[in-house]
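Here the structure comes first, spelled out in structure tokens, and everything after it is commentary.
Numbering (the numbering used here), first residue to last: 58 to 341.
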């Protein structure tokens, strides 16, 4: 019995070592691009294309960040991206959670048709609507403005948001609303005081997905925005490559500035995202 226990413990130890080794390899693969981008942003061309492309910089050129933020207007592009992304997230969350509540809780004749209509938006490729949207924006004189990006981004983010909100809202007990209704709460009070607080995990999920879509989108931003005042970070970095054809350090600094917000937002909201996905999986 003792020998059997020893053999079993030995097998568990070996399996644990193999599992941790595999996890370490995966973590290294995931973190290496961040390390490379960070060191890339602090080097000059001689190190990037010379004898030290992957190692730690021999001279830490923090001036690359000031050159990118000030000389390359990355700071201005960053503010534009924050404005567009924040407005997109706000409109997407507000409209989607209201529509999901109506589709999930209210009863009306065309509810199923409306739900199918919204979900149909998931089947429309983003860039297939590029020309029609551009024509409409041009006719409405909205090209070269923040709205030229906010409206299309929100429109394409709403179907996925409704899908997430509807699945999460279906798991909420109706007894809470019935009790509030008996106590005299109106439908608006029920929605804002009961439903909205319970939807926070799903809101975190929608926020991250919408953020990634709006923050990293390039095609719409290139086509709809030609005025430097309204260019976002992705377009700004693209133009930065032409401006610094012989100095790649500031380009790496711009890429690092564009990456940091994504890491910060996911670090703060990842727990709520996991909670909402687990609820949806259990419900399914």
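No residue lacks a Cβ here, since even glycine has one placed at the ideal position from N, Cα and C.
Since the structure is predicted, the reported quantities are computational estimates derived from the model, not experimental observations.
In this structure, residue 288 sits near residue 134, with a CB-CB distance shorter than 8 Å. The stretch 88–108 and the stretch 303–310 touch, with three or more beta-carbon pairs separated by less than 8 Å.
Between the alpha carbons of residue 179 and residue 219 lies a distance of about 10 Å. Three or more Cβ pairs closer than 8 Å define a contact, and the stretch 122–132 falls short of that threshold against the stretch 184–197. Residue 188: member of the alpha helix (DSSP H) spanning 187–196, first to last residue. In the assembly as shown, residue 272 is a buried residue. Its beta-carbon has 16 or more other beta-carbons within 10 Å. Relative to residue 172, the option among 211, 223, 182, 325 whose CA is nearest is 223. In the structure shown, the three-state DSSP call for residue 273 is helix.
Annotated as distal: residue 115 and residue 124, with beta-carbon spacing of 8 Å or more. The DSSP-derived three-state label of residue 116 is coil.
Taken in chain order, the whole beta strand (DSSP E) runs of length 3 or more contained in the stretch 280–317 number zero. For residue 238, the enclosing alpha helix (DSSP H) covers residues 231–239.
Residue 95 holds the alpha-carbon nearest to the alpha-carbon of residue 312 among 265, 80, 88, 95.
Under the three-state reduction of DSSP output, residue 94 falls in the helix class.
When the five nearest sequence neighbours on each side are left out, the beta carbons in the same chain lying within less than 7 Å of the beta carbon of residue 161 are those of 223, 226, 227, in order along the chain. With the rule of 3 Cβ pairs closer than 8 Å, the stretch 313–328 does not count as touching the stretch 149–168. At the C-beta level, residue 266 and residue 322 stay beyond 8 Å of one another.
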